[in-house]
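Some notes on the structure that comes next.
Numbering (my numbering), first residue to last: 670 to 1005.
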């Protein structure tokens, strides 16, 4: 009897270790999935206890990792599909309530095994290739980029999502001057409308390096064949370094005129100022200041999840119905 009791306790201990480490990088506090979530929100120890599936489980289990759903993506979308008001909605495009300073990066990618969208990082589909990458194509899931158990990175991003050496995306609490990203309002599990606004985030450095963990041919900025200066628009380069490359520094600083406008896709030329990073910034406020040291980075031109526009672009550069904004971000820096 004693031996059986010891065996049961040992089994529970091993199970708790398994549930804590499944999918996860080492966690020292976590950033988002902490405190308010419990293991049973995502996992079950006995799929058919009492002769029926657990509440909230997908039929057909048990599933790998003792998940309540047949895939990690389906599990994530149990909450992140708009049904949970406290969880960021990455599935449905939201234009006003969620991110009133522009649209949220949701709803523009394929997630159900359909046809590739070409507008974002599609889930559950095998792409023909990985753009600007030496990696072999693979099927993406939410956990390809995000650590579901939480870590010390911004948005629970994995430090090594691809084949690179690893790039931490540091977001400290309280903030530190060497953080990758700064937030004005911290997410607390109950404030997605405030925490996930575009204007709540400012960038210091290293986001492009994180993207290059998969898109490794984008960095360093490979030179092109004249008259093209580069094979693709360079990233992690400042406005001030654009002398001789058709950059209009004073136009960028002024923030008015060609390329600038109040909204994207409103039929009038110009869009809100594109995102930038400021490597010398020690805090949120300094990272949002417009200056010659502002740098173009991957998120200047692309949304990570996707957008209404091709390649997840932040503006309609290949949208026949939005000709007015087609060159807007280019004009903000180059003003040709």
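The C-beta atom is built at its ideal place from N, Cα and C for all residues, glycine as well. Treat the numbers as computed from the prediction; the structure is a model and nothing was measured.
* To do: Check whether the Cβ atoms of residue 828 and residue 819 sit closer than 7 Å, and answer yes or no.
  => Stepping through the chain shown from its first residue, residue 828 is reached at position 159. Stepping through the chain shown from its first residue, residue 819 is reached at position 150. It is not a contact, given that the beta carbons lie outside the stated cut-off.
* **Close Cβ partners of residue 783 (< 6 Å) along its chain, the five nearest in sequence each way excluded** => As a first step, residue 783 is located in the chain shown; it is residue number 114 there, counting from the start. Same-chain partners within the cutoff: there are none.
* **Best match in 913, 909 and 885 for proximity to residue 901 [C-alpha to C-alpha]** => For the purposes of this step, residue 901 is taken as residue 232 along the chain shown, with counting starting at 1. Among 913, 909 and 885, the Cα nearest to that of residue 901 belongs to 885.
* To do: Count the C-beta pairs between the region 789-804 and the region 875-884 that are closer than 8 Å, then say yes if the count reaches three, no if not.
  => Contact between the region 789-804 and the region 875-884 is present, because at least three Cβ pairs lie under 8 Å.
* Spatial neighbours of residue 813 within its chain, please: CB distance less than 7 Å, with the 5 preceding and 5 following residues excluded, ordered by chain position. => Looking up residue 813 in the chain shown gives position 144. So the list reads 830, once near-sequence residues are dropped.
* To do: For residue 907, count neighbouring Cβ atoms within 10 angstroms of its own Cβ and tell me buried if that reaches 16, exposed if not.
  => Sequence index remark: in the chain shown, residue 907 carries index 238 (1-based). That one is buried.
* To do: Look at the alpha carbon of residue 718 and the alpha carbon of residue 728, and state the distance between them as a whole number of angstroms.
  => What you label residue 718 is simply residue 49 of the chain shown in a count that begins at 1. What you label residue 728 is simply residue 59 of the chain shown in a count that begins at 1. Their backbone Cα atoms lie some 14 Å apart in a straight line.
* What number of angstroms, rounded off, separates the C-alpha of residue 832 from the C-alpha of residue 808? -> One-based indexing of the chain shown puts residue 832 at position 163. One-based indexing of the chain shown puts residue 808 at position 139. Taking the straight line from one Cα to the other gives about 15 Å.
* Taking Cβ to Cβ, would you say residue 994 is nearer than 7 Å to residue 947? -> By 1-based counting over the chain shown, the position of residue 994 is 325. By 1-based counting over the chain shown, the position of residue 947 is 278. Not closer than 7 Å, so no.
* To do: Measure the Cβ-Cβ separation of residue 710 and residue 858 and say whether it is below 7 Å.
  => Translated into the one-based positions of the chain shown, residue 710 becomes position 41. Translated into the one-based positions of the chain shown, residue 858 becomes position 189. No, they are not a contact pair.
* Asked: beta strand (DSSP E) containing residue 872: first to last residue?
  -> Mapped onto the chain shown, residue 872 falls at position 203. Segment 870-872, the beta strand (DSSP E) holding residue 872.
* Asked: Any idea what DSSP makes of residue 946, helix, strand or coil?
  -> Working through the chain shown from its first residue, we reach residue 946 at position 277. Residue state, collapsed to three classes: strand.
* In this structure, what does DSSP give as the bridge partners for residue 818? -> Numbered from 1 along the chain shown, position 149 holds the residue referred to as residue 818. Partner(s): none; residue 818 has no beta bridge.
* Asked: Do you know whose CA, among 952, 936 and 912, lies nearest residue 871's CA?
  -> Position 202 of the chain shown holds residue 871. The candidate whose alpha carbon is nearest that of residue 871 is 952.
* residue 856 to residue 787, Cα distance in whole Å? -> Taking the chain shown and counting its residues from 1, the one referred to as residue 856 is at position 187. Taking the chain shown and counting its residues from 1, the one referred to as residue 787 is at position 118. About 30 Å.
* Asked: The alpha helix (DSSP H) spanning residue 918 covers which residue range?
  -> Sequence index remark: in the chain shown, residue 918 carries index 249 (1-based). Taken as a continuous stretch (DSSP letters only), the alpha helix (DSSP H) holding residue 918 covers 918-923.
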